[in-house]
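Just so we're aligned: the sequence shown equals residues -19 to -1, 1 to 412 in mature numbering (1 follows the signal peptide of the UniProt record, and there is no 0).
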Amino acid sequence: MKKFLAMLMVAVLTLGVLAACGPQRDTGNNAGGNGGSAEGEGTTTEGVDKPEKLTVWVNDDEKQRAALDEIFAAYTEETGIEVEATGISMLDQVEALALDGPAGNGPDVFFGPHDRLGDIVLRGLADPIDLGEDASLYSETAMNAVTVDGEAYGVPQVLETYGMFYNKDLVSAEEIATMEGLMKVAEEQTDAGQDKYGFLMEATNFYFVYPFFAGNGGYVFNNDGSGFDASDIGLANEGAVEGGALIQSWFDNGYIPKEINGDIMSGLFTEGKVATVLTGPWNIATYKDALGDNLGTATLPKLDNGDVPKSFVGVKAWMLSSYSENQEWAIDLMKYITNYDNAMKYYQAAGEMPALQEALDSEEIANDEIIGAFAEQTQYGEPMPNIPQMQQVWDPMGSALQFIANGDDVGEVLEEAVQTIEDNIAASGAE
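Structure below.
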């Protein structure tokens, strides 16, 4: 097991820039502040002068940008406020804001995944957003995801999780509705010598494996409803070990090759050599092009305990820059982008599930044979932890899964992984 510890001696991420580095001023975006808010109403623009322009950083995706440009044009027509949008990868926006914000070159609004919020808040780059009663308009899962220390720091745009894609020529939804059924498909349809498999997934990627830990009682950080407790890690408890043993059995039985990755899996699936794969909706276009009407989707299969596994749910959200001088109108724009009509427009153009509950419950999405299963799976999922300590989880758990795939003792591997996570959290100063 010494090789396990050696693999995990990676450089500890340092959060470096603390909240004190953010702008030190009263943002006035809470109820009763400069926005003239009434209790329960959240921030409003009542009595606040209109700015000539709002600046927004959007993700540099062509389909998303096209939908947003149309929405921004409509907002300008309604309010007279110009919206200046700049395309920057959502994964690069935080570091760009840390550089541009203090110089006065940052946006009023930026866009990103919720799991970075803990770091964003710690560094003082975003201010809380008082949505008031409007918070209830969004999926509860989405609002939980963008909440840090009891305050919302994002207006949710997109919900994202993973589920099952299947080839209707090879298997039915009923056959993969339970773990017992899925394992039967794997046993009957796997012929590794011919590159044919009943079931494939990236089984050494903790992001995708987590449901089988959580479904049996494992967890990353305990959450009693008041927030995540990074001192209480449940990745080596009895349920987690049970989930790890299930994963190991797939490798032991030859159902999943040890060298599997997303590209290999998708290539085999689009060639018609795999009955079903576990992955996310970002593959819809590729799979649809290859399989056409033979492509089906389903929620994750029920475990032997009768529960649908708890997948990680990701949320992409609009965030309020701490450096913005137009916060009330910036929040107004965020709410406009995510209202029902615009949420559906964005979904239709970008193919991403809306976080607005009314849109998520719409007949259009419910009747969508492909996206509908992912919308249903979000009801069983839970948000990825959004605290900075989560960054210390991925590498140790990825290495642990490699050892599990190679047949090492599951309990010992997970105990050492948790110890490494705890040590890295302590070293990072993010306890």
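Every residue, glycine too, gets a C-beta built ideally from N, C-alpha and C.
**Report entry** Backbone CA spacing between K34 and V255 [nearest angstrom]
**Finding:** Cα to Cα, K34 sits roughly 51 angstroms from V255.
**Report entry** Cα-Cα separation between A217 and P366, rounded to whole angstroms
**Finding:** The straight-line gap separating the alpha-carbon atoms of A217 and P366 is approximately 17 angstroms.
Query raised in the report: Can you tell which of Q383, L118, T280, G68 has the C-alpha that lies nearest to the C-alpha of F92?
Result: Of the candidates Q383, L118, T280, G68, G68 places its Cα closest to the Cα of F92.
Query raised in the report: Any idea what DSSP makes of S247, helix, strand or coil?
Result: In the three-state scheme derived from DSSP, where H, G and I count as helix and E and B as strand, S247 is classed as helix.
Query raised in the report: Where do the ends of the beta strand (DSSP E) carrying residue 416 lie?
Result: The displayed coordinates of the chain run from -19 to 412. Any statement about residue 416 would go beyond what the structure contains.
**Report entry** Inter-stretch contact at 8 angstroms, needing at least 3 Cβ pairs: the stretch 25 to 32 / the stretch 281 to 291
**Finding:** No, the stretch 25 to 32 does not touch the stretch 281 to 291.
**Report entry** Closest by C-alpha distance to G243, when choosing among G174, M334, N186, F193
**Finding:** Sorting G174, M334, N186, F193 by C-alpha distance to the C-alpha of G243 places N186 at the top.
Query raised in the report: With a Cβ-Cβ cutoff of 7 angstroms, do P369 and D100 count as a contact?
Result: For P369 and D100, yes; Cβs fall inside 7 angstroms.
Query - Run of the beta strand (DSSP E) containing G179, from where it starts to where it stops - result: The continuous beta strand (DSSP E) containing G179 extends over residues 178 to 181.
Query raised in the report: Quick one: what does DSSP say Q308 is sitting in, helix, strand or coil?
Result: In the structure shown, Q308 falls within a helical segment according to DSSP collapsed to helix, strand and coil.
Query raised in the report: Applying the criterion that 16 or more other CB atoms from any shown protein chain within 10 Å of the CB defines a buried residue, is residue 424 buried or exposed?
Result: Residue 424 is absent from the structure shown; the chain starts at -19 and stops at 412.
Report task. Tell whether a beta-carbon distance below 7 angstroms holds between I265 and I402. Result -> With contacts defined as CB atoms closer than 7 angstroms, I265 and I402 fail to qualify as a contacting pair.
Query raised in the report: Got a sec, what are the start and stop residues for the alpha helix (DSSP H) residue 432 sits in?
Result: Coverage of the chain is limited to positions -19 through 412, which leaves residue 432 absent and any answer about it impossible.
Requested in this report: Take the Cβ of G174 as the centre, count every other Cβ of all protein chains shown within 10 Å, and call the residue buried at 16 or more, exposed below.
Outcome: Looking at its Cβ environment, which holds fewer than 16 other Cβ atoms inside 10 Å, G174 is exposed.
Query - Secondary structure of A184, DSSP reduced to three states - result: If DSSP states are grouped into helix, strand and coil, A184 belongs with coil.
Report task. Just mark L72 as buried or exposed, buried being the case when its beta carbon has 16 or more other beta carbons within 10 Å. Result -> It counts as exposed.
Requested in this report: For the beta strand (DSSP E) holding W263, just list the boundary residues, first then last.
Outcome: Run containing W263: none; DSSP gives neither H nor E here.
**Report entry** Own chain partners of A324 with C-beta closer than 6 angstroms, once the 5 adjacent residues on each side are dropped
**Finding:** P335, L337, A340.
Query raised in the report: CA-CA distance, V190 and R46?
Result: Cα to Cα, the separation comes out at about 32 angstroms.
Query raised in the report: Distance, Cα to Cα, A407 vs S207?
Result: When rounded, the distance between both Cα atoms is 22 angstroms.
Query raised in the report: Excluding five sequence neighbours on each side, which residues of the same chain lie with their C-beta closer than 7 angstroms to the C-beta of E132?
Result: Within the same chain, E132 has close Cβ partners P109.
Requested in this report: Classify M371 as helix, strand or coil using the three-state DSSP reduction.
Outcome: Looking at M371 - three-state DSSP - the assignment turns out to be helix.
Query raised in the report: Is DSSP giving P137 helix, strand or coil here?
Result: Three-state result, P137: strand.
Report task. In angstroms with no decimal places, state the Cα-to-Cα distance between Y361 and D81. Result -> Their backbone Cα atoms lie some 39 angstroms apart in a straight line.
Query raised in the report: CB-CB under 6 angstroms to F250, same chain, minus the five flanking residues each way: which ones, in chain order?
Result: Taking F250 as the centre and dropping the five residues before and after it, the same chain places the C-beta of V258 closer than 6 angstroms to its C-beta, in chain order.
Query - Endpoints, the alpha helix (DSSP H) within which L163 is located - result: Per DSSP, L163 belongs to the alpha helix (DSSP H) from 160 to 170.
Query raised in the report: To the nearest angstrom, how far is it from the Cα of T278 to the Cα of G179?
Result: So the alpha carbons of these two residues sit roughly 15 angstroms apart.
Query raised in the report: Looking only at DSSP bridge pairs, what is N203 linked to?
Result: D210.
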